[in-house]
Amino acid sequence: MIAGVILAGGLSSRMGGRNKALVELGGQTLLARLTARLAPQVNALAINSNAELDEVAGASPVLRDRFAGFPGPLAGLHAGLCWAEGIAGVTHVATVSVDTPFLPADFVSRLNEVGAGVAIARSEGRLHPTCALWPVSLRAALEAVLQSGTSRRVLDFAEAAGYVAVDFPAVPFDPFFNVNTPEELARAESLLESAE
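Below, the structure written as structure tokens:
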């Protein structure tokens, strides 16, 4: 079984401090959009956030980072792996960043079919390390990395664990387009309109 975690624990500094999870795109918050896209692909879903999202998370639990000081998406992955360890039968966690509104409908199945330990999405030759499939068994190794204070880059951890990149077509546009700035939000609105 595969659990899903939407990573929404960042500071949203490039969005002017606005919580990206609550930013609207096409009349839906990014969180609602990602929930609708990821929930059908996984057996259980949670949201990693350090903000108060309980009122908009629906039935999904909100997982707080277990490490202080906003240590980044690795802390969100860690929170997700800890949560998933408590769910009988879950072997992997699929993570997606809340600012990835065009997540493919076959995201989890494509990553899972490679049968690798860690599988990372790639489009247009670019890796998307926060959009990946992670074995729950990596929780202790990740905890050791976070406690050591060494690199907090998701890709560094994936490289140490060993990963396989899974290519996704960028047709009609990059399915892992990120919404980090107001300008990218405007571009996402245009992409959404062109896709409808």
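Heads up: the sequence shown begins at 1 in the UniProt record's numbering, then just goes up one per residue. Just so you know, even glycine gets a beta-carbon here, dropped at the ideal spot from N, CA and C.
Based on Cα-Cα distance, which residue from 20, 137, 159 and 40 lies nearest to residue 129?
-> One-based indexing of the sequence shown puts residue 129 at position 129. Closest in alpha carbon position to residue 129, among 20, 137, 159 and 40, is 159.
Proximity test, Cβ basis, 9 Å: residue 26 and chain C = The chain inventory of the structure shown lacks chain C, comprising one protein chain alone.
Segments of 4+ residues assigned as alpha helix (DSSP H) that fall wholly inside the segment 23-85 = Entirely contained in the segment 23-85, the alpha helix (DSSP H) runs reaching 4 residues are, in chain order, 30-38 and 73-85.
Report buried or exposed for residue 23, applying the criterion of at least 16 other Cβ atoms within 10 angstroms of its Cβ.
-> On the sequence shown, position 23 is the one that residue 23 refers to. Burial is judged here by how many other beta carbons sit within 10 angstroms of a residue's own beta carbon; residue 23 has at least 16 and is buried.
Going by Cα to Cα distance, which pick from 101, 100 and 80 is closest to residue 93?
-> In the sequence shown, residue 93 corresponds to position 93, counting from 1. Of the candidates 101, 100 and 80, the one whose C-alpha sits nearest the C-alpha of residue 93 is 80.
Hey, out of 138, 105, 181 and 49, whose CA is closest to residue 90's CA?
-> The residue you call residue 90 lines up with position 90 of the sequence shown. Of the listed residues, the one whose Cα sits closest to residue 90 is 138.
Strand pairing of residue 165, partner residues [DSSP] | Against the sequence shown, residue 165 aligns to sequence position 165. The beta-bridge partner set that DSSP reports for residue 165 consists of 120.
For residue 30, which residues of its own chain have a beta-carbon under 7 Å away from its beta-carbon, when the five flanking residues on both sides are left out?
-> Start at 1 with the first residue of the sequence shown, and residue 30 comes out as number 30. Same-chain partners within the cutoff: 20, 21, 23, 98, 99, 101 and 179.
Spell out a yes or no on whether the segment 132-146 and the segment 43-53 are touching, meaning 3 or more CB-CB pairs, one atom from each, closer than 8 Å.
-> With a cut-off of 8 Å, the segment 43-53 and the segment 132-146 do not count as touching, because too few Cβ pairs lie within range.
Thinking just about the alpha-carbon of each residue, which of 143, 148 and 103 is nearest to the one in residue 33?
-> Within the sequence shown, numbered from 1, the residue matching residue 33 stands at position 33. The shortest Cα separation from residue 33 among 143, 148 and 103 belongs to 103.
Kindly provide the ranges of any beta strand (DSSP E) runs that are 3 or more residues long and lie completely inside the segment 90-148, ordered along the chain.
-> Inside the segment 90-148, DSSP marks whole beta strand (DSSP E) runs of 3 or more residues at positions 92-97, 118-123 and 126-135, from first to last along the chain.
From 95, 125, 51 and 106, residue whose alpha carbon lies closest to that of residue 40 | Indexing the sequence shown from 1 puts residue 40 at position 40. Scanning 95, 125, 51 and 106 for the CA closest to the CA of residue 40 turns up 106.
From 50, 164 and 60, pick the residue whose C-alpha is nearest to that of residue 114; which is it?
-> As a working note, residue 114 is residue 114 in the sequence shown. The candidate whose alpha carbon is nearest that of residue 114 is 164.
Under the three-state reduction of DSSP, which class applies to residue 179: helix, strand or coil?
-> Translated into positions along the sequence shown, residue 179 becomes position 179. Note: residue 179 maps to coil in three-state DSSP.
Could you give the DSSP three-state label for residue 158: helix, strand or coil?
-> Counting from 1 along the sequence shown, the entry for residue 158 is found at position 158. Residue 158: helix per DSSP, three-state reduction.
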